[in-house]
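Peer 1:
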Amino acid sequence: MGSFLRLWNRFTMRTLLQATLVIAMMTLAVGCSKKPELVGRWENTTVPELIEFKPDNTGVIQGKNLPPLSFVWQETAKNTYSLDVGFQGQKKRLKGAVDNGTLVLVGEGGKETYRKVTSQ
Numbered sequence: 332m333g334s335f336l337r338l339w340n341r342f343t344m345r346t347l348l349q350a351t352l353v354i355a356m357m358t359l360a361v362g363c364s365k366k367p368e369l370v371g372r373w374e375n376t377t378v379p380e381l382i383e384f385k386p387d388n389t390g391v392i393q394g395k396n397l398p399p400l401s402f403v404w405q406e407t408a409k410n411t412y413s414l415d416v417g418f419q420g421q422k423k424r425l426k427g428a429v430d431n432g433t434l435v436l437v438g439e440g441g442k443e444t445y446r447k448v449t450s451q
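The numbering used here runs 331 ahead of the 1-based position in the sequence shown.
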């Protein structure tokens, strides 16, 4: 009887460990596959300018009658981002945050506010 109980406990522990690993892997896969709210096109609320954040962590800023500016972005905390923008041969860093569907970017030149474009 003692051997059966040891075998049963070992089987139960192995099954519990396997189930825990499967659940952890599924949680990780679902969590990593969700794209940030930032991904998409945003329109400046004061000047004619669009900014697009792509899922591959790149993006483009397009102002009216201006050449596009490419950038690389990363999430630094939940709903907080940093952008490295190529500008006149230099790299400028912008900090951004999304709150209630509004994106605010802050840099050396000041602060700009954007609203997400819902229709593509």
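Positions of the beta carbon are idealized from the N, C-alpha and C atoms, including for glycine. Because the structure is a prediction, the values reported are computed rather than measured.
Helix or strand or just coil, what does DSSP make of GLY440?
Peer 2: Within the sequence shown, numbered from 1, the residue matching residue 440 stands at position 109. If DSSP states are grouped into helix, strand and coil, GLY440 belongs with coil.
Peer 1: Leaving out five residues before and five after GLY371 in sequence, what residues of the same chain have Cβ atoms less than 8 Å from its Cβ?
Peer 2: Within the sequence shown, numbered from 1, the residue matching residue 371 stands at position 40. Cβ neighbours of GLY371 beyond the five flanking positions: GLU383, PHE384, LYS447, VAL448.
Peer 1: When the Cα of PRO399 is compared with those of ALA408, PRO379, GLU406, which residue comes out closest?
Peer 2: The residue labelled residue 399 in the question sits at position 68 within the sequence shown. Comparing Cα positions, the closest option is PRO379.
Peer 1: Determine the DSSP secondary structure at ALA350, reduced to helix, strand or coil.
Peer 2: Walking along the sequence shown from the start, residue 350 turns up at place 19. Any reading at ALA350 is ruled out, since the residue's pLDDT is 46, under 50, leaving its predicted position unreliable.
Peer 1: Taking the alpha-carbon positions, what's the SER364 to THR377 distance?
Peer 2: Against the sequence shown, residue 364 aligns to sequence position 33. Against the sequence shown, residue 377 aligns to sequence position 46. Because SER364 sits at a pLDDT of 48, beneath the cut-off of 50, its placement in the model cannot be relied upon, and the following sentence gives the value as read from the coordinates. If you take the alpha carbons of SER364 and THR377, they lie about 33 Å apart.
Peer 1: Should LYS426 and VAL437 be called a contact, given that it needs their Cβ atoms to be closer than 7 Å?
Peer 2: For the purposes of this step, residue 426 is taken as residue 95 along the sequence shown, with counting starting at 1. For the purposes of this step, residue 437 is taken as residue 106 along the sequence shown, with counting starting at 1. Yes, they are a contact pair.
Peer 1: Rounding to the nearest angstrom, what Cα-Cα distance links LEU381 and GLN393 in this structure?
Peer 2: Along the sequence shown, read from residue 1 onward, the residue named residue 381 stands at position 50. Along the sequence shown, read from residue 1 onward, the residue named residue 393 stands at position 62. About 5 Å.
Peer 1: Along the chain, where does the beta strand (DSSP E) containing ASP430 start, and where does it finish?
Peer 2: Here residue 430 refers to the residue found at position 99 of the sequence shown. Segment 421–430, the beta strand (DSSP E) holding ASP430.
Peer 1: To the nearest angstrom, how far is it from the Cα of LEU434 to the Cα of ASN340?
Peer 2: Counting from one through the sequence shown, the residue named residue 434 turns up at place 103. Counting from one through the sequence shown, the residue named residue 340 turns up at place 9. Computed Cα separation, rounded: 54 Å.
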